[in-house]
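Input: a single structure, listed below in structure tokens.
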Amino acid sequence: MKKVEVFGSKLCPYCLQAKAFLNKHKIAFHWKEVAMVAGVKLPTSNFKEMKRRSKGETTVPQIFVDGKHYGDEDTLADDERKGRLDTVFR
């Protein structure tokens, strides 16, 4: 199993969607909380790390597989439709 990290916020519906998707598909992941207040992401260490590693992405969720930037909840849905989840995550 590959190492999966998800940067997201418990206040973000897209993050909760990604979390539920990964759980449904039994894909283990490490959650990294990105603090938000009134929809604004705070410049915490997790936010800065996410932005640096994703080459500037500031939206959440951002997903990394084995240290490489993978994408967001839309990328998960696309790969499920194309039958690529096992290739990406296992």
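Per the UniProt record's numbering: the sequence shown = residues 1 to 90.
Cβ atoms here follow ideal geometry from the backbone N, Cα and C, with glycine treated the same way.
query                                                                                     : result
Closest by C-alpha distance to E73, when choosing among V4, F7, G67, Y14                  : Y14
For K82 and V34, the rounded distance between their alpha carbons                         : 29 Å
Bounding residues of the alpha helix (DSSP H) (the contiguous stretch that carries K10)   : No alpha helix (DSSP H) holds K10; DSSP gives it neither H nor E.
Own chain residues within Cβ distance below 7 Å of D79, not counting five before or after : L85, V88
Pairwise C-alpha distance: L11 and K24                                                    : 20 Å
Where the alpha helix (DSSP H) containing F29 begins and where it ends                    : First-last for F29: undefined, no H or E at that position.
Span of the beta strand (DSSP E), counted from its first residue to its last, around V88  : No beta strand (DSSP E) holds V88; the alpha helix (DSSP H) holding it covers 85-89.
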